[in-house]
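In what follows, a single structure is set out as C-alpha cells and then discussed.
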C-alpha cells in the first residue's frame, strides 16, 4: 500500500506500526489532503491527528457565572478580534456540577496571545489561563484514544454497549437493566471507564537525578556559575569548632577543637534525657497554651514544673 501511495499516486508518506494500527506520516499538507481523499475512496477506516501548529489554542476563562451562554461568550470574544472555534462550559468530573470556568478553543491569528491579557468580560472580572489536559483524549465516535471525533473516519462503536452505532443512538440508554460492554476490551463496563485494562496509562515525567545532588542545587548551579568557586574557597577556610557552630564565629579557631564522635554522642544522650522529661507530660496542648499566655520566664518554668509533677497518686 505504501509503495502504491508513493509511486502510483505520488503521495509522499512514511509509516510505522503503532499498537494495532499503522501510523502514516505525510510530508506536506497537500499530501495529507490527497491521502485522506484516497482512503475515503477506498473506504478505509482512519483518523487524523492534526499537526501541533494547526491545533487550536485552548484556554480557560475563570470568573464567569456558570449560567453564561457559551454562544454569547463566543460572540463577545469574536468582537474583540479573536477567532473562536468553540466554547465549552466546564463541570466537576464526578458530580457534573457546573463550574465558574469555560474552555475556549481559539484559532491562531496575530492577536491570539493577547487572550491572556483579558481582565474582564461583560464587565465581570475574569482571569485567563492555559488549558492543561490531565486526561488522555478519547474519541466519542469509535471509543479510541489520542484523537477526536471530528477527524475520525473509523466505524462507530457505542460507549455503553459496544454496538455498531453512535452512542447517542444506543437503544439501551433508557433501559434500567442491561449489560454494559466495553468497545475496547469487551469487559462489563462502559468504554469510558478509566479502570479498563486497555485504558492508556499516563507516564509520569521524570527528571534525571545526579547522585549526591538535589534538583535545586543543579538549577542553582546553572543560574549562578560562580557557586563552584565559592564552595572551593570555603573548603580552604579553617574548620569550624563546636563552639562556632552556635556563635557563628569560625575564624581564629584551632583545628584541635573541632567536633568529634564523642561530642555528638554526648549531644544525643542529652536529647534523649530531655525527651524522657517531656514524655511525662500528659497534655502537651494545654501546657503550650499556658506557656504562650505569659512572657515571664519564671512563670513558664512553673507551668512546666506543674505539668511534670502531675496529679498526686491515690492509694486505696
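Residue numbers (the working numbering): 26 to 341.
Note that the Cβ used here is the ideal one computed from N, Cα and C, for glycine as well.
In the DSSP assignment, residue 317 forms no beta bridge with any residue. Scanning its chain for C-beta atoms nearer than 6 Å, with the 5 sequence neighbours on each side dropped, one finds around residue 130 the residues 81, 83, 110 and 111, in chain order.
Within the same chain, Cβ atoms closer than 7 Å to the Cβ of residue 106 are found at 136, the five residues on either side in sequence being excluded.
Within the same chain, 84, 107, 131 and 153 come within 7 Å of residue 140 by CB-CB distance, once the 5 residues on both sides are set aside.
In this model, residue 164 and residue 309 are separated by some 58 Å (Cα to Cα). The three-state secondary structure of residue 150, taken from DSSP, is strand. Residue 109 carries a strand assignment under DSSP once its states are collapsed to helix, strand and coil. Proximity to residue 48 across 333, 75 and 191 peaks at 75, based on C-alpha coordinates. A direct Cα-to-Cα measurement between residue 179 and residue 69 gives close to 8 Å. Per DSSP, the continuous alpha helix (DSSP H) segment holding residue 59 begins and ends at 54-66. For residue 179, the secondary structure class from DSSP, reduced to helix, strand or coil, is coil. Assigned with DSSP and collapsed to three states, residue 217 falls in coil, not helix or strand. A distance of 7 Å or more separates the beta carbons of residue 199 and residue 205. Residue 56 counts as buried, since at least 16 other C-beta atoms from the protein chains shown sit within 10 angstroms of its C-beta. Less than 7 Å separates the beta-carbon of residue 127 from that of residue 86.
Beta-bridge annotation (DSSP): residue 126 is paired with 87.
For the pair residue 58 and residue 160, the Cα-to-Cα distance works out to about 29 Å. Contact check for residue 71 and residue 30: beta-carbon distance about 13 Å, past the 8 Å limit, so the pair fails to qualify.
When DSSP reads this structure, residue 47 sits in a beta bridge with 42. The criterion of a C-beta distance shorter than 7 Å is satisfied by residue 203 and residue 197. In the same chain as residue 113, and ignoring 5 residues on each side of it, the C-beta atoms closer than 6 Å to its own belong to 128, in chain order. Apart from sequence neighbours up to five positions away, the residues of its chain that approach residue 223 with a beta-carbon distance below 8 Å are 207, 209 and 210, ordered along the chain.
Annotated as proximal: residue 190 and residue 183, with beta-carbon spacing under 7 Å.
Partner residues in the beta bridge of residue 131, as assigned by DSSP, are 82 and 109. Ranked by Cα distance from residue 53, the first of 36, 90, 218 and 142 is 36. Exposed is the label assigned to residue 103, since fewer than 16 other Cβ atoms lie within 10 Å of its Cβ. Apart from sequence neighbours up to five positions away, the residues of its chain that approach residue 134 with a beta-carbon distance below 6 Å are 108, ordered along the chain.
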